[in-house]
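Residue numbers (our numbering), protein chains in the order written: chain A, 1 to 581; chain B, 582 to 937.
Note that the Cβ used here is the ideal one computed from N, Cα and C, for glycine as well.
Computed from a predicted structure; not experimentally measured.
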Amino acid sequence: MRTSSWASMFRSPFVVIITLVTLWFVATFLVFPNANLLIRTFFPEGQFSFRAVEKLVSSERAMNSLWHSFALAATLAVTVNVVGIFIVLVTDYFKIRGARMLWLGYATTLIYGGIVLAAGYNFIYGRYGFVTNAVRNWFPEIDPNWFSGYFAVVVVMTLATTTNHMLFLGSSLAKIDYQTIEAARNMGASTMGILWRIVLPALRPMIFAVTVLTFLTGLGALTAPLVLGGTDFQTIAPMILTFSKSTGSRDLAALLAVILGLATIVLLAMMNRVEKSGVYFSVAKVATPLQKQRIPNPVANAAVHVAAYALFVVYATPVLLIVLFSFVHSSAIVTGSISWDSFTLDNYATVFGTPAVLRPFVVSVVYSALASVIVVGGMLFVSRLLQKHRNPLTATLEYLLHIPWILPTILIALALVMTFDRPNPMVGGQVLTGTTSLLLIAYVIVKIPFTLRLLKAAFASVPESLEDAARILGAGSMFTLRTVLVPLVLPTAAAITALNFNSLLDDYDAAVFLYHPLYQPLGVAIKASTEGENNLDSMSITFVYTVLLMVIMGFTMYLVYGRGGSSTKRHTRRARTVAAK
Amino acid sequence: MHKRTLTAATLATVLLSTVALTSCSSTAGEASSSGESSGTLIVYTNSNSDGRGEWVTAKAAEAGMKIEIVGLGGADLANRIVAEKNNPVGDVVFGLNNMFFETLKAEDAVAAYTPEWSGDVDKKAGDAKDGAFWPLVEQAIVTVYDTNTVKSADAPKQVSDLWDDAEYDGRYEVNTSLGQATPQLVLAGLLAPYADEEGDLGISDAGWKQVQDYYEHGSPAVEGTDLYARLTRDEVDYGVLPSSGITSRDAEYATKTGVISPEDGVPYVTEQIAVINGTPRQEQAEKFIDWFGGAEVQGEFAAEFASYPVNEKARAEALPEVVELIESLPKQDIDWSLTRERISEWVEKTELEYLP
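Structural data, given as structure tokens:
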């Protein structure tokens, strides 16, 4: 039973407070600064200018790049779902030998990305990559550039963006009511039949949520096309980046970003509609944990094993290579002639020899941890509010909270600097520009849409009967939220916190304009140590930082997942006890 | 019911205290950054890599100045300074080229100050008219090749031969990251001879044809791969580089760099220094500029980082090979005020129409 009336929403003082705080935050940090920037951009002399539209439409290159971005996003929405669902099934649903090791291999995309990931694949399959070289020894007629263009970008990005599937689909799958599967089997349903008609439908809210994320990742693809796209497949993101850094061309950047953002919002609206029309019961109400399924057909079983291990190798090689390369001289890597002499500890010596090398790590860890905890904590209430009370106000709020997806981080950061450079009544007359808090605010802002989407999907898969039971038994709404609902979405919330933390650790786009001079974050430090006309070891140093980041991120994931199984069970049990009281 | 309001109240307190905390930390941050007129001097620069930042900080400490270097890429740094101009965080900026400084000046983001060493530098290299910024270091933007693989005799005499002559098709690197300083300077150098008030964005059609051909026949730079790596593995034969990068690359890649020296010259850029407008630490900022731009420090800097100082008294300290190279390369005649005024439009047009 979902109430849509306004009255119920304003009956609880708690809901009123959350609504007011959210409204204040959205107005102050999302709407006001960005509206400010966009108005200055699109209405330079107080009048709307069609200049940006005309420029873009008449540019063949812009139109092509835009089209490439959309093609990539659409392709990824399919391919990532296929690969993502496959790896979730082989690690969590089917009985596969060595599933835990497979999981670790697939999970490598959690701890690295961006330029390093693209470069990693390029070192293996690219023109000078060793697989290409090895194959060409046997078949010299093969084009050395085979791994480039649309195909290469799709392959690399598909593998790189299954992270969300692993974490969120995995946790949704664990909550499936196993008795429905057993019942279906007793009625004679086949393995495929059960998968297709029971398991996948139960995962739908989460599949929708991660599809939107995948689509968005595809639209914003930056480094993979730059490294692997060649001249035939360049996307729009590099152009947006160039234009957003030039005052005169900022309208073009904003327009392009808005086009991409609106496309995402349209997809989101469609998914919301589908989500609303469905009823999902995916959380187990009885204590029968999901048991792994055997694949009865031996041929199919062998094929799935082979595919799973092949994927494992593809996932794990670039990571191993990066760890290896962090010990190799830069020139040996780029010229592709690695011998025993090329191994060195110099790269690590360079990084650790820099004075105060640890400080940026500490600064970034503190910022990222604060931001990811604040955003997940806040969005727990907000997503609950949006899901529980559906009316025009909450619907508007929900769309407004997606503003950070529409605009590139650079523009959001610039808008914040320019808006809060004078005392602002919305924040109690403070000047925020040049303070330590503005970067934290920016980090919270940019992580809102991602957090909101996934938390909402997590809440959507909680059956209402649990809540109803709690209410009938006399639990207040806050008590229900705290003891029944939150424990159920806690695994998802923890995963989101970890992912947010990991992705903010080496952020550059927001930090570059917002960081306080005395608190330099890691992204800026990495950039500083890898840039420079005479800095030829930049790639190796990037690898060293990546390895260090992998250690931190791996530790974060361990905190969330290494002991995850037991805590999930405990919470579910507690939720059940409460519901049964 | 009572219990519920209590929890709600607790939560509200938590939320409000978060907000309060945020504002508290903001006050603290503000005090340390821009509130006081003493304390650490914040120095903005894009010239902090390769250990330059640490070197300057240490030398400044020896001279009794406490500075903090904020190092960012050229375009990012200029954007940040402009965005912060109503409440500046930095006190001094150095290292950006004259094009960026012209922008900062046009935005009133830097304030005029005549340093003690103003007599030792060529005023024309800086802001001759208003003295808003002052020159430190000069660099040439050169087209290079490896003499191990390309004989000097085979190298083109004019840079434009690279795209006019089919022999070099796809054998020279073009940098397509037009947000960065060097590619912008290449563009400015290409367009400079074709200034034409009647033409599109102040450039004749012939000029735009040059740009089109330049990008069409070049091999786009590969993200994350150095030009010299591509030279040594025979992917390309030619590419563009700021002159200060040559020495270290020859050492690293065992190349012997040759430079194309066209009759019309090559683009030169001058890195500048200025006080950021509205800083509360004006006096300290001026002291830093007097110290850093002076002959002694510039000379030591040149010897350490292979730079070519504008300060004539410091030039004696510069490395002989650097001096030899710079003095062998004629300066291309570029109208910098036109370039500054138009460069973002040129970049935009190139990005939209001519990049591969």
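Chain A residues whose Cβ lies nearer than 8 Å to that of A656 (chain B): One finds K245, S246 in chain A with Cβ atoms closer than 8 Å to the Cβ of A656 (chain B), taken in chain order.
I142 (chain A) burial status per 10 Å Cβ neighbour count (16 or more: buried): Its Cβ having fewer than 16 others within 10 Å, I142 (chain A) is exposed.
Where Y849 (chain B) sits in the DSSP three-state scheme: Here Y849 (chain B) sits in strand by DSSP.
Candidates A:V484, A:E45, A:T288: closest to Y178 (chain A) by CA position: Measuring from the Cα of Y178 (chain A), the nearest candidate turns out to be A:T288.
Three-pair Cβ contact test at 8 Å for the segment 630–646 of chain B versus the segment 880–895 of chain B: Yes, they touch.
Same chain only: Cβ atoms within 7 Å of V740 (chain B), ignoring 5 sequence neighbours per side: Around V740 (chain B), the same chain offers T724, I841, P843 as residues with beta carbons nearer than 7 Å, after the five sequence neighbours per side are excluded.
Opening and closing residue of the alpha helix (DSSP H) in which D786 (chain B) lies: D786 (chain B): member of the alpha helix (DSSP H) spanning 786–798, first to last residue.
Start-to-end residues for the alpha helix (DSSP H) that takes in F151 (chain A): For F151 (chain A), the enclosing alpha helix (DSSP H) starts and ends at 150–160.
Sufficient close CB pairs (3 or more, under 8 Å) joining the segment 216–229 of chain A to the segment 256–269 of chain A: They touch, by the three-pair rule.
Neighbour flag for I115 (chain A) against chain B, beta carbons, 8 Å: Closer than 8 Å to some Cβ of chain B, the Cβ of I115 (chain A) qualifies, so yes.
Beta carbon proximity, N668 (chain B) to chain A, threshold 8 Å: Interface residue, yes.
Assumed close pair V673 (chain B), F886 (chain B) - CB separation to whole angstroms, cut-off 8 Å: Wrong, their Cβ atoms sit about 19 Å apart, outside the cutoff.
Secondary structure of A349 (chain A), DSSP reduced to three states: Reduced to three states, the DSSP call for A349 (chain A) is helix.
Minimum Cβ-Cβ distance from P360 (chain A) to chain B less than 8 Å: No, its Cβ sits nowhere closer than 8 Å to a Cβ of chain B.
Residues that I623 (chain B) contacts on chain A, provided the C-beta gap is smaller than 7 Å: Chain A residues near I623 (chain B): P517.
Nearest to V363 (chain A) (by Cα), restricted to the options A:L481, A:L104, A:P517, A:F29: The shortest Cα separation from V363 (chain A) among A:L481, A:L104, A:P517, A:F29 belongs to A:P517.
G434 (chain A) to G170 (chain A) span [Cα, whole Å]: Their Cα atoms are separated by approximately 42 Å.
CB contact flag (L256 (chain A), S148 (chain A), <8 Å): S148 (chain A) is positioned such that its CB atom lies no closer than 8 Å to that of L256 (chain A).
Within the segment 514–558 of chain A, ranges of the beta strand (DSSP E) (whole runs, at least 3 residues): The qualifying runs do not exist here; there are none.
Sub-8 Å separation of T231 (chain A) and P669 (chain B) beta-carbons: No.
Contact with chain A by L759 (chain B), beta-carbon distance below 8 Å: In terms of beta-carbon proximity, L759 (chain B) lines the interface with chain A, with at least one pair separated by less than 8 Å.
Range covered by the alpha helix (DSSP H) that runs through W24 (chain A): W24 (chain A): member of the alpha helix (DSSP H) spanning 13–25, first to last residue.
Bounding residues of the alpha helix (DSSP H) (the contiguous stretch that carries P318 (chain A)): The continuous alpha helix (DSSP H) containing P318 (chain A) extends over residues 298–325.
Beta-carbon proximity list for S576 (chain B), same chain, < 7 Å, skipping 5 on both sides: Examination of residue 576 (chain B) is not possible in this model, given that chain B is present from 582 through 937 alone.
Per-residue DSSP class, three states only, for Y694 (chain B): Coil at Y694 (chain B), not helix or strand.
Residue span of the beta strand (DSSP E) that contains F675 (chain B), given as start and end: Boundaries of the beta strand (DSSP E) around F675 (chain B): 673–678.
Residues of its chain near D421 (chain A), where Cβ-Cβ distance is below 7 Å and the 5 sequence neighbours each way are ignored: Contacts found: V431, T433.
Contact set between R661 (chain B) and chain A, taken where Cβ atoms lie within less than 8 Å: Simply V417, V512, F513.
Nearest to F681 (chain B) (by Cα), restricted to the options B:E929, B:R923, B:Y935: Per the Cα distances, B:R923.
Within chain A, partners of P801 (chain B) - CB distance below 8 Å: Result: T231.
Reference P911 (chain B), options B:P901, B:Y849, B:T860, B:W917, closest by Cα: The shortest Cα separation from P911 (chain B) among B:P901, B:Y849, B:T860, B:W917 belongs to B:Y849.
Interface residues of chain B facing R100 (chain A) [CB-CB closer than 8 Å]: Those do not exist, as R100 (chain A) stays about 34 Å from chain B at its closest Cβ, beyond 8 Å.
Short-range partners of chain A found in the segment 641–655 of chain B, where Cβ spacing is below 7 Å: Within the segment 641–655 of chain B, the qualifying residues are E649, V651, G652, L653, G654.
Members of the segment 421–437 of chain A that neighbour chain B once the beta carbon cut-off is set at 9 Å: D421, R422, V427, G428, Q430, V431, L432, T433, G434, T435, T436, S437: these are the residues of the segment 421–437 of chain A whose beta carbon lies less than 9 Å from some beta carbon of chain B, given in chain order.
Between the CA atoms of K647 (chain B) and L548 (chain A) - distance to the nearest angstrom: If you take the alpha carbons of L548 (chain A) and K647 (chain B), they lie about 31 Å apart.
Boundaries (first-last residue) of the alpha helix (DSSP H) holding I181 (chain A): Following the DSSP letters along the chain, one finds I181 (chain A) inside the alpha helix (DSSP H) bounded by residues 178–186.
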